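All residue numbers for the sequence shown refer to our numbering, where the first residue is 3 and numbers rise by one.
Note that beta-carbon positions come from the ideal geometry of N, C-alpha and C, so glycine has one too.
Being a predicted model, the structure only gives us computed values, none of them experimental.
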Amino acid sequence: MVADNVGGLNDTGLELPLTHSGAAFMRAQKVIPGGSMRPSSWFPPHPPYALRGQGCWLTDLDGNRVLDCSNNFFSLVHGHAFPPVVEAVREAVGQGTAFGLPTPSEIALAEAITGRAPHLERVRFCNSGTEAVMYAVKGARALTGRSAIAKFEGAYHGTYDVMELGYESSPENWDGPDGDPAATPYVRGTPPGLIAETVILPYGDPARCADILRRKGRTLAGIVFDPLASRIGMIPASAALVEVLQEACARDGIMLICDEVIGFRMAHAGAHSLFGLKPDLVALGKVIGGGLPAGGVAGPAARMAVYDHTHGKPGVALGGTFSANPLTMVAGKATLDAYDEAAVSRLNALGDAFREATNAAFRAAGLEAQLTGMGGLFRLHLTGRVLRDFRDITPTPGGEALARVQAALLASGVLVTPNVSGALSTPMTEAETTLLGRLMVDCVAEALG
Ligand SMILES: Cc1ncc(COP(=O)(O)O)c(C=O)c1O
């Protein structure tokens with residue numbers, strides 16, 4: 003099937019050498035480095051180009067309709083073109099898209115977030131998860147007067163320079179001279195000073211974390227922590243790790259920064275509430291913008307006062323021309339209103355049942371594969387081993403076979419991220435997750451076979 007509104011490419015009636023997506027990619031290469039805007043959604047020879055989405059289905063330029071389990075990297079909890087979001091944005095856009103003044107819509111979204119997460123008493127908005135983590139890091143520095151930051155090996159927190167350290171370490175460079183995990187730079191030109199004062203922690207080894215923090219904790223402004231870090235394998239953080247972090251933060255006056263850019267969707271009150279965490283600052287993004295660019299920093303009032311600019315120079319200037327723009331604010335509010343306790347529980351239960359059933363099917367078929375994750379989030383690993391850490395999935399178990407699974411899923415009508423992770427959305431039912439589970443098992447069998 004060829005989409006009817008992509009314009010003329012097929013007008014000749016001749017067989018085209020390229021798909022419409024292929025033609026779009028060739029055009030893009032002339033004006034965009036690499037022909038692609040986002041490393042995370044890239045896979046060879048090129049991804050299909052999206053045309054439109056409705057609910058949990060996405061249609062590409064060539065008219066292929068796929069079950070969308072990427073959901074724009076877990077940001078669309080209600081899927082595409084969710085009617086309350088469309089309605090709210092339609093109404094807001096006619097009134098102006100951004101003002102050099104505050105709007106009531108920012109108060110409404112702030113109330114929606116603080117109203118569902120009692121630990122988050124105050125919130126400030128920005129435009130992306132990367133910005134949110136950056137502002138949280140700056141907040142931690144201003145609150146403590148220290149500059150060093152700790153983060154976990156392999157964890158992704160956006161593209162803010164310090165947060166990229168240790169993110170893509172490999173066996174050749176992941177041990178530092180002192181035997182601790184190294185702050186391996188992701189990009190050339192990373193300032194050596196940043197590398198020298200960034201502490202990298204091993205997610206799967208709480209005792210080692212405790213030891214590192216005993217030695218280095220007093221230098222730290224903050225620890226950035228995602229309790230279900232997707233690039234560490236979507237392995238839920240252990241209770242022992244949570245205890246170590248909280249203890250070190252209390253002992254050494256370190257700010258605990260919880261990255262809930264993905265995780266906020268996991269519980270009505272956010273991921274920290276599920277893991278018994280009491281973070282000083284929480285970085286938000288994705289779901290709080292209802293599909294529009296969004297980020298935010300939230301936390302207890304005393305900590306968030308560091309961003310208060312109304313009594314002279316603030317600890318941290320958190321602003322931005324498009325921060326709290328009304329379109330994002332109303333889309334986020336409509337999204338969170340519909341993502342109430344019942345919707346959160348239903349989606350989490352659907353995801354738990356999906357992972358459990360699919361893992362049982364992998365075992366029954368004798369396939370070396372497993373889904374990790376929690377609630378509506380999942381990630382595939384081509385190994386039956388127990389996974390605890392970034393090092394357990396580096397190099398990627400199954401390597402090229404995993405890419406074959408992603409390609410086979412796409413060919414079967416399912417879009418997942420290039421590392422075969424995904425998120426369910428509220429329009430999905432057991433019908434979609436059963437289909438997804440069956441295709442997952444078939445595609446793994448084919449890729450490993
Ligand atoms: C855990 C986490 N933190 C931060 C970010 C950065 O968010 P953004 O892409 O909105 O800048 C991401 C993006 O995927 C993320 O997964």
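### Task
Give the secondary structure of Asp261 by DSSP, where H, G and I count as helix, E and B as strand, and everything else as coil.
If DSSP states are grouped into helix, strand and coil, Asp261 belongs with the strands.
### Message
Using the three-state DSSP reduction, which class does Thr431 fall into: helix, strand or coil?
### Response
Of the three classes helix, strand and coil, the one that applies to Thr431 here is coil, per DSSP.
#### Entry: Proximity test, Asp228 beta-carbon vs ligand 1 heavy atom, cut-off 6 Å
Result yes, Cβ under 6 Å from ligand 1.
#### Entry: Check: Ile290 C-beta below 6 Å from any heavy atom of ligand 1
The nearest non-hydrogen atom of ligand 1 is 6 Å or more from the C-beta of Ile290.
### Query
Ile109: beta carbon under 6 Å from a heavy atom of ligand 1?
No, Cβ of Ile109 sits at least 6 Å from all heavy atoms of ligand 1.
### Query
Contact check, Val407 vs Ala366 under 8 Å by CB: the rounded distance?
Between Ala366 and Val407 the Cβ distance is about 18 Å, and since that is not below 8 Å, they are no contact.
### Task
Give me the Cα-Cα distance between Thr105 and Gly219, rounded to the nearest whole angstrom.
About 41 Å.
### Message
Please classify Gly57 as buried or exposed, where buried requires at least 16 neighbouring CB atoms within 10 angstroms.
### Response
Gly57 comes out buried.
### Message
Does Asn361 pass the burial test, meaning 16 or more other C-beta atoms within 10 Å, or should it be called exposed?
### Response
So Asn361 counts as buried.
### Message
Just to check my reading of the structure: Glu133 and Ala326 have Cβ atoms closer than 8 Å, yes? What is that Cβ distance to the nearest angstrom?
### Response
The pair is not a contact, with the Cβ atoms about 12 Å apart (cut-off 8 Å).
### Query
Which class does Gly10 belong to by DSSP, given the choice of helix, strand or coil?
Here the model assigns Gly10 a pLDDT of 37, short of 50, so the residue's position is not dependable and the matter cannot be decided.
#### Entry: Outcome for Gln372 when other beta-carbon atoms lying within 10 angstroms are tallied against a minimum of 16
It is buried - the Cβ of Gln372 has at least 16 other Cβ atoms within 10 Å.
#### Entry: Simplified DSSP assignment, three categories, for Phe75
DSSP, reduced to helix, strand and coil, places Phe75 within a helical segment of the structure shown.
### Reduced DSSP secondary structure (H/G/I, E/B, other) of Leu338
Residue state, collapsed to three classes: helix.
### Message
So for Ala100, helix, strand or coil by DSSP?
### Response
Judged by DSSP in its simplified three-state form, Ala100 adopts coil rather than helix or strand.
### Query
Candidates Ser171, Thr323, Leu437: which alpha carbon is nearest Thr398's?
When each option's Cα is compared against that of Thr398, the closest is Ser171.
#### Entry: Status (buried if at least 16 other CB within 10 Å, exposed otherwise) for Ala231
Buried: at least 16 other Cβ atoms inside 10 Å.
### Query
How about Arg143 and Ala223: are their beta carbons less than 7 Å apart?
Yes, they are a contact pair.
### Query
So, Asp261 versus His383, is the Cβ gap smaller than 7 Å?
Taking 7 Å as the Cβ cut-off, Asp261 and His383 do not qualify as a contacting pair.
### Query
Just to confirm, are Asp70 and Thr21 a CB contact at a threshold of 7 Å?
Between Asp70 and Thr21, the C-beta spacing is not below 7 Å.
### Cutoff 7 Å; reference Ile197; Cβ partners in own chain excluding five residues on either side
These residues qualify, in order along the chain: Leu167, Ala185, Pro187.
### Message
If you reduce the DSSP assignment to three classes, tell me which class Gly15 lands in.
### Response
Any reading at Gly15 must be qualified, since the residue scores a pLDDT of 46, below 50, and its modelled position is unreliable; no value is offered.
#### Entry: Proximity to Thr385 [Cα-Cα], best of Gly377, Met376, Leu404, Leu379
Selected option, being the one with the closest Cα: Leu404.
### DSSP bridge partner residues for Cys128 (one or two, in chain order)
Its beta-bridge partners are Gly297.
### Query
What does a CB cutoff of less than 6 Å around Ala94 pick up in its chain, not counting 5 residues either side in sequence?
Correct list, in chain order: Pro328, Leu329, Val332.
### Query
Just reading off the beta strand (DSSP E) that Val164 is part of, what are its end residues?
No beta strand (DSSP E) holds Val164; DSSP gives it neither H nor E.
### Query
Leaving out the 5 sequence neighbours to the left and right, which residues in its chain are closer than 7 Å to Asn175 when beta-carbon positions are compared?
Cβ within range, chain order: Ala184, Thr186.
### Message
Measuring only from the beta carbon, is Val263 closer than 6 Å to any heavy atom that is part of ligand 1?
### Response
Val263: yes, Cβ under 6 Å from ligand 1.
### Task
Quick one: using the 10 Å Cβ neighbour count with 16 as the cut-off for buried, is Asp207 buried or exposed?
With 16 or more neighbouring CB atoms inside 10 Å of its own CB, Asp207 falls in the buried class.
### Task
Would you kindly work out how many angstroms separate the C-alpha atoms of Ala250 and Gly96, rounded to a whole number?
A direct Cα-Cα distance of roughly 50 Å separates Ala250 from Gly96.
### Query
How about Leu145 and Val308: are their beta carbons less than 7 Å apart?
Closer than 7 Å, so yes.
### Message
Between which residues of its own chain and Val139 is the CB-CB distance below 8 Å, once the five residues before and five after are set aside?
### Response
Same-chain partners within the cutoff: Ile151, Tyr162, Val164, Met165, Ala223, Gly224, Val226, Ile259.
### Message
Could you check whether the stretch 313-325 touches the stretch 111-122, counting it as contact only if at least three pairs of C-beta atoms, one from each stretch, sit closer than 8 Å?
### Response
Taking a cut-off of 8 Å on C-beta distances, the stretch 313-325 does not touch the stretch 111-122, as fewer than three cross pairs fall below it.
### Euclidean distance between Cα positions of Ala303 and Gly400
Across the structure, Ala303 and Gly400 are spaced so that their CA atoms are roughly 46 Å apart.
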